[in-house]
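A short worksheet on the structure shown next.
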Amino acid sequence: MESLTSTGVAAQRFDLAATTVRELNQFLHHEVDGSECIEILNPAGQHSIAVGLDAPVVVDIYGHAGYFIAGMNKQAEVTVHGNVGWSVAENIMSGAVRIKGNASECAGASGHGGLLVIEGDASSRCGISMKGCDIVVGGSVGHMSAFMAQAGHLVVCGDADPGLGDSLYEAVIYVRGEIRGLGADARIEPMQEADYAKVAELLIKAGFDHDPKTFKRVASARSLYHWNADHFQEY
Amino acid sequence: MSKSVYREQNHSYDDSVLHYIGQAAEHGLYEIRGLGAKRRLPNFDDLSFLTASASRYPLEGYREKCETRTVLGTRNAKKPLELDIPITIAGMSFGSLTATAKDALGRAASELGTSTTTGDGGMTQEERRSSKTLVYQCLPSRYGFNPDDLRKADAIELVLGQGAKPGGGGMLLGQKISPRVAKMRTLPEGIDQRSASRHPDWTGSDDLTIKLVELREITDWQVPIYVKVGATRVKHDVKLAVAAGADVIVVDGMQGGTAATQQVFIEHTGIPTLAALRQAVEALEEIDMMGRVQLIISGGIRSGADVAKALAMGADAVSIGQAMLMALGCNSDYYVQDGRRCDAGADYAALGTAPGVCHHCHTGKCPVGVATQTPDLEQRLDPEWGARRVRNYLQTLTMELTTLARACGKSNVHNLEREDLVALTLEAAAMAKVPLAGTEWIPGVSGI
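The listed protein sequences correspond, in order, to chains A and B.
Numbering-wise (numbering that gives the first Met the number 0), the first sequence opens with residue 0 and increments by one.
Numbering-wise (numbering that gives the first Met the number 0), the second sequence opens with residue 0 and increments by one.
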């Protein structure tokens, strides 16, 4: 089915009340060349919608979706006009994924690159194990966010629950609101000019209008990088 | 004449315990080491075959065909793996092993028509190039995990745990975090790397079901998905993995190896491979999935006899890690360079160990160039020489396997059955649930 998008581009429309997720993903893997806009209706909480994409297509999902939406995304721009379940954009490699509502646990888990924007709140372990992607959350994040995060940036415009940045490697977290507790080896550090510039860049990309100077920087103290007896309770 | 005092050994505090307490008191840290459990455990040596005689007739050992072809992943995948032999090479990471060692394992496996497996750290170009059939592991750390390599894989193995450290995450100490390893894992060079013990994007068996579908969707349902568990609550874990949709279950017993973990894990967690295999088979039988979901057993498989006994107990294939490293030269007192045997004794001594008892994979100073990332040690393993030894080893195991199968009257190694086995010890009889030799007695199953 075809329709016109708000920009007048022809869009291919899939109704998941009538089409299976497998048929949709097969189409997205093999039938797109990069110029298409795809509209997905009635996701109805189904899982694994638009996973494994590897083309610069634009995908809009209208409604609430389940686990692993846009998992392992490359190049594509995926927007969910609703809420999502666990692990949206897990292992994202490039491209952009935007959630207009809230995201459940483990958003952006182990993401290697690209941008994930959550306009609402994200639940616990947002950015867990991230490896180079950028995540911007318009609201707040749950506990243990950025656990063992290795590289990339997590920007939280709201508050962060306890355990933030536990066992961080080289990822950097910026929080505008209250930090309700840091995890092992995470510490608050002074913001530098490069931090303000990075926060400003990511806020512009995400479409949020906040003053970068209102953010705090959280990074690894690097005291767990080498295994020793002084940190026995941390292992 | 003075009275003599009998120097009685204290069995609760023997030399090994005194050494352990001394080290703990000195350093305040647990011991980390490589390889697997060293304690005496019931194993396949405690079983014996009832080969043919008057009531069964054997196949001619050298002339009659004995099929070894093995198919894995028939449940959901469009392209199940078709292997020439039921002996596969287990997942071992680039990082713990050299790229050369991974290359050598791939070459040997390809020559014998079987599969190799990646490990924690991702897929190297060398192993993809040399391995005709490569299984790509999806581990909790997700180091180097990406959709391009996922689609290059012939099968996917989702790892929940391994026999050496069920419930524990991985370790790779700083000596082995070389620039290339660091880049592949997105880590700073030289740090002591800890891997997570749990996957970052799902928790529990219901989530596992959804995760497996996601991996299938990304790979267009083409390749089989294995689920690997460390042997603890095997019956529950196998049933849950099958319910989640696994095509193949890999059960790694207590004797399974590792590149590095806490010794307390290696020696004090999990159940022996013998017991794990029996429980896994029972689980599949109870849910009527034998043959529909294939079973791979690993953890201390060393010989063709071990392979044959594992198949007789119900495994579809075995997976071997440590013994492959030993075929490459692990624990050998020499290495070969330019066709010459070079003595490695001094290098073992520098590590405070000796050939035959070395478990110092974690140090990165492997004297034979297998488990290192140090360039001058890495070049001690020639990939062609290593591949030849692994190929010879695989070939020997296969010959032993078919020899035993023929002697049991089987024209296909997969026709070996539990009825062909007896146990030589009470423990093995109870764990494997085969009769104690010379009796009809299976402890816990049948009467005296």
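Virtual Cβ for every residue (Gly too), placed ideally from N, Cα, C.
These figures come from a predicted structure and were not determined experimentally.
Under the rule that a run must span 3 or more residues, the beta strand (DSSP E) segments found entirely inside the stretch 69 to 133 of chain B read 69 to 71, 80 to 82, 86 to 88, 114 to 116. Residues L159, G160, P165, D236, V237, A240, I248, V249, V250, D251 of the same chain have their beta carbon placed closer than 8 Å to that of V228 (chain B), with the five preceding and five following residues left out of the count.
By the criterion of a C-beta distance shorter than 8 Å, S194 (chain B) is surrounded in its chain by D119, L138, P139, S140, Y142, G168, G169, M170, L171, once the five residues flanking it on both sides are discounted.
Each residue's CA atom was taken as its position, placing A353 (chain B) and T260 (chain B) some 20 Å apart. In this structure, I265 (chain B) lies near A163 (chain B), with their beta-carbon atoms less than 7 Å apart. Counting other Cβ atoms within 10 Å of its Cβ, C341 (chain B) stays below 16 and is therefore classed as exposed. Contact between K212 (chain A) and V174 (chain A) is absent: CB atoms are separated by about 13 Å, not below the 8 Å threshold.
Relative to G33 (chain B), the option among B:G256, B:R184, B:G298 whose CA is nearest is B:G256. Under DSSP, the beta-bridge partners assigned to M289 (chain B) are B:V292. Of all residues in the stretch 206 to 237 of chain B, those with a C-beta nearer than 8 Å to a C-beta of chain A are D206, I209, K210, V212, E213, E216, I217, T218, D219, W220, reading in chain order. The criterion of a C-beta distance shorter than 7 Å is satisfied by A121 (chain A) and A106 (chain A).
Interface with chain A (7 Å Cβ-Cβ cutoff): D153 (chain B) is excluded. Listed along chain B, the residues sitting closer than 8 Å to S109 (chain A) by beta-carbon distance are R141, F144, P199, D200. The continuous alpha helix (DSSP H) containing D375 (chain B) extends over residues 374 to 377.
Taking L283 (chain B) as reference, the option from B:D315, B:G303, B:M253 with the minimal CA-CA separation is B:D315. In this structure, DSSP gives K210 (chain B) a helical state, which the three-state scheme calls helix. Across the structure, T116 (chain B) and E66 (chain B) are spaced so that their CA atoms are roughly 24 Å apart. Interface with chain A (7 Å Cβ-Cβ cutoff): D119 (chain B) is excluded. Within the stretch 238 to 256 of chain B, contact with chain A at the beta-carbon level (separation under 9 Å) is assigned to no residue. Between T69 (chain B) and P79 (chain B), the C-beta spacing is not below 7 Å. Judged by beta-carbon spacing, M288 (chain B) lies beyond the 7 Å limit of P271 (chain B), meaning their Cβ atoms are not closer than that value.
Apart from sequence neighbours up to five positions away, the residues of its chain that approach F13 (chain A) with a beta-carbon distance below 6 Å are L23, I39, ordered along the chain. Within chain B, the residues whose beta carbon sits less than 8 Å from that of A150 (chain A) are T185, listed in sequence order.
In the three-state reduction of the DSSP assignment, G112 (chain A) falls in the coil class.
Taken in chain order, the complete alpha helix (DSSP H) segments of 4 or more residues contained in the stretch 146 to 218 of chain A are 192 to 205. DSSP places D342 (chain B) in the uninterrupted beta strand (DSSP E) bounded by 339 to 342. Inter-residue distance for D219 (chain B) and H18 (chain B) is about 54 Å (C-alpha atoms, whole angstroms). Taking 7 Å as the cut-off, the Cβ atoms of D346 (chain B) and P366 (chain B) count as close.
No Cβ-Cβ contact shorter than 7 Å links D200 (chain B) with S123 (chain A).
When Cβ-Cβ separations below 7 Å define contact, C125 (chain A) makes no contact with chain B. Around S128 (chain A), the beta-carbon contacts reaching into chain B at under 7 Å are R141, A195, P199. Annotated as proximal: L133 (chain B) and A152 (chain B), with beta-carbon spacing under 7 Å. A:D59 is the residue among A:I134, A:D59, A:R179 whose C-alpha sits nearest the C-alpha of V79 (chain A). DSSP places R193 (chain B) within a strand segment (E or B) once states are collapsed to three. In this structure, D148 (chain B) sits near M122 (chain B), with a CB-CB distance shorter than 7 Å. Classified as buried, G72 (chain B) has 16 or more neighbouring CB atoms from the shown chains inside 10 Å of its CB.
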